[in-house]
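*Asks:* According to this note's numbering, the stretch in the sequence shown is residues 1 to 297, in order.
No residue lacks a Cβ here, since even glycine has one placed at the ideal position from N, Cα and C.
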Amino acid sequence: VVGVLDVRRRIGRPPFTKLDRQLIEALANQAAVAIENAALYGELEKLYRNEQEITRTLQELDKMKTNFVILASHEMRTPLTILKGYHDVLLSAPSDTLTLMQQRSLSVCQRTVDRLIVIANDILEMLKISEGQIILKTTLVNFLDLVEEVARDLSGFVERRNQKLSLTSTGQISNVSVDPEKIRLIMLNLIQNAIKFTQDGGEINITLSVESESIHIIVQDNGIGIKAIELERIFDKFYTGADPMHHSSGKFEFSTRGTGLGLAIAKNYVDAHHGQIWAESEGIGKGSQFHLLIPMK
Ligand code: ADP
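#1: Going by beta carbon distance, what residues of the same chain come within less than 8 Å of I70, once the five residues before and after it are set aside?
#2: Of all the beta strand (DSSP E) runs that stay within the bounds of the region 158-183, which reach a length of 3 or more residues?
#3: Name the one or two DSSP bridge partners that P295 has.
#4: Below 8 Å on the Cβ atoms is my guess for I284 versus I224; work out the distance and round it to an integer in Å.
#5: Which of the three DSSP states is assigned to I119 in this structure?
#6: Please report the straight-line C-alpha distance between A266 and M64, rounded to a whole angstrom.
#7: How long is the line joining the alpha carbons of D96 and L106, rounded to whole angstroms?
#8: Is DSSP giving Q276 helix, strand or coil here?
#9: Evaluate the contact criterion for the region 79-86 versus the region 47-56: three or more CB pairs, one atom per stretch, below 8 Å.
#10: So, with DSSP's three-state summary, where would you put K221?
#11: Count Cβ pairs between the region 284-293 and the region 213-229 that sit closer than 8 Å; are there 3 or more?
#12: Taking the CB atoms as reference points, tell me whether E203 and D221 lie closer together than 8 Å.
#13: Give a yes or no on whether the C-beta atoms belonging to I183 and V219 are separated by under 8 Å.
#14: To the nearest angstrom, report how far apart F143 and Y41 are at their CA atoms.
#15: Could you tell me the distance, in whole angstroms, from the CA atom of N162 to the CA atom of T198?
#16: Hey, how far is the Cα of N121 from the Cα of E60?
#17: Within 10 angstroms of its Cβ, does A194 collect 16 or more other Cβ (buried), or is it exposed?
#18: Quick check: the region 151-158 against the region 109-118, are there 3 or more CB pairs under 8 Å?
#19: Where R104 and P94 are concerned, what is the direct C-alpha to C-alpha distance, given to the nearest angstrom?
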């Protein structure tokens, strides 16, 4: 029972008719609905207030988590840089000072420290991006030169993996107004991934062309390929598609995963240039193609 509607007849008035009863019943029904709605509304309001409180708590927790990660990454960078410096000093000592075994061990330490620095920088970069702090420093850039430079920087790793890397361009690629450092990082990430996710002896082809007011770059490999359902998710933050328990990180070794931030950062940089980035693959074992469209204006 949500309520009682009590209707009385005044003395001397004629008795209620059937029509009166129907009318009162209809009124009672409507009143019941209104009362129930009001109660529901009260509940909803309570729920809404709870939700707002939870959202506020979550936002505070998220801020705390972000601050913690920023602090941890910052704090990590200084000791890592010092470690790197000492490794460099030791490794540049005259060759008879250290045994071969010591030199090898030091090189492994040096590479590991380098990787940790990259991870700390990636995390800081991603945090800056999520706080909306991408500032482009644009200048006129010769795109072909820039991509060639990145490919050249990585050629040592391509050789080490016994892979072949080709770079071709078609059409007149004019100078473009972009942030060269950001484009460099995007290309570095795409080519580095192509090297990592392609077996020894595999092939990587980079092509540049002009397509309706944009530069179209394709980084194609004949490596492990990507499942259709993962083609979009690989651009999500921290997505590596691999079980983190079996995570191994390396810069260029076959199939090693990093932080899963490389493509997320690349996508944010591409968005900041009003461009597009996407991946294509016919599936596992069928290689991958990464497309990049950067507007020329
Ligand atoms: P990371 O390389 O640090 O793991 P990325 O954000 O660069 O992170 O890439 C995310 C994931 O996308 C990789 O872990 C991998 O699963 C997949 N991926 C990226 N590039 C390729 C590629 N060329 N071939 C196959 N898979 C790729």
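*Replies:* Let me lay it out:
#1: Along the sequence shown, one-based indexing puts residue 70 at 70. Around I70: L124, L127.
#2: 164-169, 176-178
#3: In the sequence shown, counting from the first residue as 1, residue 295 sits at position 295. BP columns for P295 point to S214.
#4: Residue mapping note: residue 284 aligns to position 284 of the sequence shown, counting from 1. Residue mapping note: residue 224 aligns to position 224 of the sequence shown, counting from 1. About 7 Å separates the two Cβ atoms, so the contact holds.
#5: Working through the sequence shown from its first residue, we reach residue 119 at position 119. DSSP places I119 in helix when its eight states are reduced to three.
#6: Residue numbering aside, residue 266 sits at position 266 when the sequence shown is read from its first letter. Residue numbering aside, residue 64 sits at position 64 when the sequence shown is read from its first letter. Going by the C-alpha atoms only, they are around 26 Å apart.
#7: Sequence index remark: in the sequence shown, residue 96 carries index 96 (1-based). Sequence index remark: in the sequence shown, residue 106 carries index 106 (1-based). In a straight line, the C-alpha of D96 is about 15 Å away from that of L106.
#8: If you number the sequence shown from 1, residue 276 lands on position 276. Q276: strand per DSSP, three-state reduction.
#9: no
#10: Position 221 of the sequence shown, counted from the start, is the residue given in the question as residue 221. Rather than Lys, the amino acid found at residue 221 in this sequence is Asp. Looking at D221 - three-state DSSP - the assignment turns out to be strand.
#11: yes
#12: For the purposes of this step, residue 203 is taken as residue 203 along the sequence shown, with counting starting at 1. For the purposes of this step, residue 221 is taken as residue 221 along the sequence shown, with counting starting at 1. Cβ atoms of E203 and D221: closer than 8 Å.
#13: By one-based count along the sequence shown, residue 183 stands at place 183. By one-based count along the sequence shown, residue 219 stands at place 219. Going by C-beta atoms, I183 is not nearer than 8 Å to V219.
#14: Taking the first residue of the sequence shown as 1, we reach residue 143 at position 143. Taking the first residue of the sequence shown as 1, we reach residue 41 at position 41. If I take the Cα positions, the gap works out to 60 Å.
#15: Locating residue 162 in the sequence shown gives position 162, counting from the first residue. Locating residue 198 in the sequence shown gives position 198, counting from the first residue. Between N162 and T198, the C-alpha separation is close to 11 Å.
#16: By one-based count along the sequence shown, residue 121 stands at place 121. By one-based count along the sequence shown, residue 60 stands at place 60. Taking the straight line joining both Cα atoms gives about 24 Å.
#17: Residue numbering aside, residue 194 sits at position 194 when the sequence shown is read from its first letter. Under this definition A194 is a buried residue.
#18: no
#19: If you number the sequence shown from 1, residue 104 lands on position 104. If you number the sequence shown from 1, residue 94 lands on position 94. Distance between the alpha carbons of R104 and P94 is about 15 Å.
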